[in-house]
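>
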Amino acid sequence: MQLTEEQVERFQAEGWLAVPDFWSEQEIKAMRVELERLVQVGKLRNIATDGDGVTHSQTQFNLQLCPMSPHSDLFRAMPFAPKVAEAVGQLIGEPVVFHLDQVFLKPGRHGSGTNWHQDGAYFQIDDPLKGTALWTAVHDATTANGTLRVIPRMFREELPHERDPQSDHHIRCFPDESQAVPVEISAGGVVFFAYGTPHATGANNTDKERAGVALHFINADQSGTALAGFAREKRPILTGAEATGGVREYGVQIAGTWEAEVERVLASSHVP
Ligand SMILES: O=C(O)CCC(=O)C(=O)O
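My numbering numbers the first residue of the sequence shown as 412 and each following residue consecutively.
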């Protein structure tokens, strides 16, 4: 999807950008069907703990699958959808490397949030604007069901992180929450946020489940970081002269399969 100059400038100034209706209804429906399959075959794992950072909670659920691509042809094809590379390339510059994918699913009433963190605290890159998440609202995301919150204009500040006792593996930081912006967005909308942007999600206090799928991208031309070297060598390069459409990384052509994957998943579904 071609972003406007104003949207690109906003991302570069604020460190985040919401784009409503990025995915079609059919695309979102296929994501929901595929997520349900992944839940049914037991691929999502409860990472929430009751506060000791180790023991999985029996009452709170933050269901994660990371990475998704090895378990799902649909989600493997998702970063190759042409509108993804186009928009991400405008935001972080080309060539774009697809770095990581994950989903967090919060069941109704028992879904817990993901505490504040900067992705750059996990994935160090030279310039915090040269990496971005593309977070998809698989269901309508509201304050009541714990939508994403971001802290604008803070992407250049490296906040101290510590182990998050409410998760079995995360780290967290403590930004000034009075600066936080809740990003309410309908299903199909996406939020781009730079690797430096502090973000968090909240508890799901509604009866219905809510999921967010996050794809993470970095610019391949950064020098001097272990991540950039690793990503360039091992992860799918989506744009530029080195892009192979997924052949180098997966052994088969993935580029060009997104629409067919959406149709395949919808055809396999019994949901009307
Ligand atoms: O959806 C969530 O709960 C958290 C998403 C997130 O923190 C991320 O993708 O980095």
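Yeah, the Cβ is synthetic: ideal placement off N, Cα and C, and Gly gets one too.
Does the region 611 to 630 touch the region 537 to 549, meaning 3 or more C-beta pairs lie closer than 8 Å?
Verdict: yes, contact present.
> Out of 605, 611, 552 and 671, which one is the CA nearest neighbour of residue 564?
Comparing Cα-Cα distances from residue 564 to each of 605, 611, 552 and 671, the minimum goes to 605.
> Give the DSSP-derived three-state secondary structure of residue 580 in the structure shown.
Of the three classes helix, strand and coil, the one that applies to residue 580 here is coil, per DSSP.
> Near residue 419, which residues of its chain fall below 7 Å by C-beta distance, leaving aside the five closest residues on each side in sequence?
Cβ within range, chain order: 501 and 502.
> Look at residue 551 and residue 622 and say whether their C-beta atoms are less than 7 Å apart.
No, they are not a contact pair.
> Measure the alpha-carbon distance for residue 426 versus residue 620 and round it to whole angstroms.
Approximately 28 Å between the Cα atoms of the pair.
> Can you tell me the Cβ-Cβ gap for residue 700 and residue 677, rounded? I've got them flagged as a contact below 8 Å.
The chain is shown from 412 up to 683; residue 700 falls before or after that span and cannot be answered.
> Name the two residues that bound the continuous beta strand (DSSP E) containing residue 520.
Where residue 520 is concerned, there is no enclosing beta strand (DSSP E), given that its DSSP letter is neither H nor E.
> Could you tell me which residues DSSP puts in a beta bridge with residue 547?
Bridge partners of residue 547: 601 and 624.
> Note the first and the last residue of the continuous alpha helix (DSSP H) segment covering residue 499.
Note, residue 499: alpha helix (DSSP H), 493 to 503.
> Could you tell me if the beta carbon of residue 530 falls within a distance shorter than 6 Å of some heavy atom in ligand 1?
Yes, the Cβ of residue 530 comes within 6 Å of a heavy atom of ligand 1.
> Under 7 Å Cβ to Cβ from residue 479, same chain only, skipping five residues before and after it: list those, please.
Contacts found: 486, 512, 513 and 514.
> Verify the contact flag: residue 547, CB atom, against every heavy atom of ligand 1, threshold strictly below 6 Å.
Flag unset: Cβ of residue 547 not near ligand 1.
> Quick check: what's the CA-CA separation for residue 499 versus residue 646?
Roughly 16 Å separates the two Cα atoms.
> Where in the region 626 to 680 do unbroken runs of the beta strand (DSSP E), each at least 3 residues long, occur, reported from the N-terminal end onward?
Whole beta strand (DSSP E) segments, 3+ residues: zero.
> Report the residue from 433, 464 and 491 whose alpha carbon sits nearest the alpha carbon of residue 413.
Of the candidates 433, 464 and 491, the one whose C-alpha sits nearest the C-alpha of residue 413 is 433.
> How many angstroms separate the CA atom of residue 451 from the CA atom of residue 681?
Answer to the nearest angstrom: the Cα atoms are 14 Å apart.
> So who's on the other strand from residue 574, going by DSSP bridges?
Looking at the DSSP assignment, residue 574 forms a beta bridge with 582.
> Ligand 1 and residue 608: does the residue's C-beta get closer than 6 Å to at least one heavy atom of that ligand?
The answer is no for residue 608.
> Would the beta-carbon of residue 562 fall within 7 Å of that of residue 590?
In this structure, residue 590 lies closer than 7 Å to residue 562 by Cβ.
> Would residue 642 be called buried (16 or more neighbouring beta carbons within 10 Å of its own) or exposed?
The residue in question, residue 642, is buried, as its Cβ has 16 or more Cβ neighbours within 10 Å.
> DSSP state of residue 535, grouped into three classes?
Coil.
> From this set, 437, 616 and 581, which residue's C-alpha is nearest residue 558's C-alpha?
Measuring from the Cα of residue 558, the nearest candidate turns out to be 616.
> Grouping DSSP H, G and I as helix and E and B as strand, with all else coil, what is residue 478?
Looking at residue 478 - three-state DSSP - the assignment turns out to be coil, as it is neither helix nor strand.
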